[in-house]
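Numbering (the working numbering), first residue to last: 88 to 411. Every residue gets a Cβ at the ideal spot worked out from N, C-alpha and C, and that includes glycine. All figures in this text were calculated on a predicted structure; none of them were measured in a lab.
Below, the structure is given as structure tokens:
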């Protein structure tokens with residue numbers, strides 16, 4: 088392998104430019120430390136980097152605590168065969184108002200902002216800049232870059248923007264919700280499932296086989312009857328089947344946990360279009376132990392009991408067979 092090729096496949100892609108929350112999430116991934124990072128324009132491009140081996144991994148936003156699921160990422164996961172989640176990372180969301188040096192708040196009439204960031208700062212804007220105009224930007228850093236174009240007075244940006252552009256911050260903590268955070272996932276094409284840590288999450292995408300009363304309930308019962316906590320479920324339309332939906336689901340537990348494996352088998356029987364996205368360490372929450380009835384030990388004991396019945400049946404068959 089040439090040095091050029093080795094460097095190429097060790098890249099990690101993220102939504103650029105430099106200074107985005109996605110870059111901050113990538114900085115939390117130990118495997119990306121010291122490796123080349125590749126800034127891209129959107130989530131599909133980041134995923135395509137991985138598929139075409141321009142990068143070994145890509146950091147993408149999957150869920151915002153205010154806005155909900157990130158549809159571009161969910162659709163990319165559903166439409167890219169072999170893509171796996173390797174880990175998740177959470178970044179607190181804080182916004183500031185950036186201006187060209189010397190600009191006063193009372194001089195601001197136009198504000199550039201990514202639509203999601205703008206939506207999370209509505210109360211502050213209504214109170215302090217009630218007559219402003221909004222100019223959409225493609226990212227939280229691109230909004231600051233627009234400050235150097237005509238007609239833009241201020242931009243909603245991350246607090247770290249001053250590390251990348253010669254701008255001044257004249258207000259901080261603009262976000263309406265001060266506990267807001269975005270969850271990111273690191274994805275790659277490596278099919279190996281990380282070993283269980285005891286604080287794991289399993290992500291799947293399920294497409295119901297038909298649209299009928301009770302179909303979703305039947306799928307969910309495969310999870311609840313095995314004592315598994317479902318931490319997220321969101322629906323996305325199936326592009327080539329108007330009126331049909333697929334569901335992005337997060338479960339507490341690991342593929343190697345007997346209850347999770349059994350639940351996936353149950354879901355697969357009901358829904359042949361089941362995509363396993365990965366089992367990986369989750370962020371922050373200490374998981375409760377599974378009920379004794381759903382523990383690995385009870386599953387093993389039940390399998391041993393069934394195997395003993397099958398062995399007894401086979402022995403009886405041999406005993407009842409006529410001698411030759």
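_Using the three-state DSSP reduction, which class does residue 353 fall into: helix, strand or coil?_
helix
*Provide the residue span of the alpha helix (DSSP H) that contains residue 132, from first to last.*
130-138
*Enumerated in chain order, which unbroken segments of the alpha helix (DSSP H) with a length of 4 residues or greater are wholly contained in the segment 288-334?*
302-311
_By the three-class DSSP mapping on this structure, what secondary structure does residue 55 have?_
In the structure as shown, the chain begins at 88 and stops at 411. Residue 55 is therefore absent and cannot be evaluated.
*For the candidate residues 330, 401, 193 and 236, whose alpha-carbon lies nearest to that of residue 218?*
193
*Per-residue burial, residue 369 [other beta carbons within 10 Å of its own, 16 or more giving buried]*: buried
_Alpha-carbon to alpha-carbon, residue 177 and residue 116_ = 11 Å
_Taking the beta carbon of residue 317 as the centre, do at least 16 other beta carbons fall within 10 Å, making it buried, or is it exposed?_
exposed
*Which residue's Cα is closest to the Cα of residue 111: 385, 228, 344 and 223?*
Distance from the Cα of residue 111 is smallest, within the candidate group 385, 228, 344 and 223, for 228.
*Using alpha carbons as the reference points, say which of 202, 236 and 191 lies closest to residue 215.*
191
*Meets three-Cβ-pair contact criterion under 8 Å: the segment 382-401 and the segment 331-346*: yes
*asked:* Let's test the definition: count the other Cβ atoms within 10 Å of the Cβ of residue 161 and tell me whether it reaches 16, buried, or not, exposed.
replied: buried
*Apply the 10 Å Cβ neighbour rule to residue 379 and answer buried if 16 or more other Cβ atoms are within range, or exposed otherwise.*
Residue burial is scored here from C-beta neighbours: residue 379 has fewer than 16 other C-beta atoms within 10 angstroms and is therefore classed as exposed.
*Comparing the CB of residue 347 with every heavy atom of the ligand SAH, is any distance shorter than 7 Å?*
Summarising the ligand content, the structure contains no ligands, and the ligand SAH is consequently not present.
*alpha helix (DSSP H) segments (min. 4 residues) lying fully within the segment 207-274*: 209-215 and 227-232
_Three-way DSSP call (helix, strand, coil) for residue 100 in this model_ = strand
*DSSP on residue 368, reduced to helix/strand/coil?*
strand
_Contiguous alpha helix (DSSP H) assignments of at least 4 residues, all confined to the segment 140-218_ = 158-166, 202-206 and 209-215
*Per DSSP, residue 379 forms a beta bridge with which residues?*
In the DSSP output, where bridge partners are listed per residue, residue 379 has none listed.
*Run through DSSP, which three-state label would residue 115 get?*
coil
*Name the two residues that bound the continuous beta strand (DSSP E) containing residue 120.*
Unbroken run through residue 120: none, as it is neither H nor E.
_Rounded to whole angstroms, what is the Cα-Cα separation between residue 284 and residue 149?_
Approximately 22 Å between the Cα atoms of the pair.
_On a Cα-Cα basis, can you pick out the residue from 381, 151 and 398 that is closest to residue 204?_
Closest option to residue 204, Cα to Cα, is 151.
_Three-way DSSP call (helix, strand, coil) for residue 125 in this model_ = strand
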